[in-house]
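**Q** The structure under discussion is supplied below as C-alpha cells; questions concerning it will follow.
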Amino acid sequence: SQTIHQWPATLVQPVGSPLSLECTVEGTSNPNLYWYRQAAGRGLQLLFYSVGIGQISSEVPQNLSASRPQDRQFILSSKKLLLSDSGFYLCAWTSLSYEQYFGPGTRLTVT
Amino acid sequence: AQSVTQLDSHVSVSEGTPVLLRCNYSSSYSPSLFWYVQHPNKGLQLLLKYTSAATLVKGINGFEAEFKKSETSFHLTKPSAHMSDAAEYFCVVSDRISGGSNYKLTFGKGTLLTVNP
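Residue numbers (the working numbering), protein chains in the order written: chain A, 18 to 128; chain B, 2 to 118.
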C-alpha cells in the first residue's frame, strides 16, 4: 500500500533563516506530487505541483521554491523565511483515479 | 474556472443527531467532487468521492453525499453524529489542468463540525 511521509512534524524558525521540508511517497511510481499551505481559517492553498523529476509548476508567486530530485521525493524550500510563511504545510500525491492523498503535515512557526 | 463554496463555517450538533454540511460548486466541465476530513494538526483524509457514476455516494464512517447537478450541490450527511466526528470538513472539486494528466483541486474554506455530548 502507498504511504506518504513528511518531516519534520513541527518546526520553529526565526525570520530570515532557510527552510527545507521533505515529502516522500512509498508504494507507487511516478506520482503527481503537490505542496499546499494551510493558514489559520483560510483553507488550503496550492503552492506547487510536480508531474515528474525536475518538473515543478508554481501556482502563486511567493517566497518559497520546490524541487523534485527523485521520483518519490518532493522538497519545499526557502532561502529566507518571512513571518507570513507560518502555517501548516501539506504534501499530497495523486492516484490513478485522481483523488489526492495527504501526508501528516508540518507545522511551521516563523518567529 | 472552478470554485467551491461551503455555506457554513461552523456547524454544531448533538451526539446522535443528523449532520448536514453544505457545499455548492462551480465548474466548467463535468467535475469530480470530494469530501475530506481533517482532525486537529493532522493531514486530510478522503471521506468520499463522486466521479460521474452513482449520484449518491457512500463514504467511510457512515457519511454519504449526493451530487445534484441541477442545484450544483454536493452536501455531506450522516444520520447520527458521533463524538469522534468532530473535525474540519473540506469540500473539493477537481478539474484537469491544461488537458494533461494532472488534476487541480480547489478546496472550500472548510466547515468546523462540533459534536456536543
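The C-beta atom is built at its ideal place from N, Cα and C for all residues, glycine as well.
(1) Does the CB of Lys110 (chain B) have a neighbour CB from chain A at under 9 Å?
(2) Can you pull the DSSP bridge partners for Arg124 (chain A)?
(3) Mind listing which residues of the stretch 100–121 of chain A have their C-beta closer than 9 Å to chain B's C-betas, in chain order?
(4) Below 9 Å between beta carbons: does that hold for Thr78 (chain B) and Val12 (chain B)?
(5) Do the stretch 35–51 of chain B and the stretch 62–76 of chain A touch if we need at least three Cβ pairs shorter than 8 Å?
(6) Could you tell me how far apart the beta carbons of Gln62 (chain A) and Tyr53 (chain A) are, in whole angstroms, since I believe they sit closer than 8 Å?
(7) For Gly104 (chain A) and Ser95 (chain B), what's the separation of their Cα atoms in angstroms?
(8) For Gln90 (chain A), tell me which candidate among A:Leu99, A:Gln79, A:Gln72 has the shortest Cα-Cα distance.
(9) At 8 Å on the CB atoms, spell out the chain B contacts of Gly60 (chain A), in chain order.
(10) Using DSSP's beta-bridge definition, name the partner residues of Ser75 (chain A).
**A** Reading it off the structure:
(1) yes
(2) A:Thr27, A:Phe105
(3) Phe105, Leu107, Cys108, Ala109, Thr111, Ser114, Tyr115, Glu116, Gln117, Tyr118, Phe119, Gly120, Pro121
(4) no
(5) no
(6) 6 Å
(7) 24 Å
(8) A:Gln72
(9) Phe91, Phe108, Gly109, Lys110, Gly111
(10) A:Phe65
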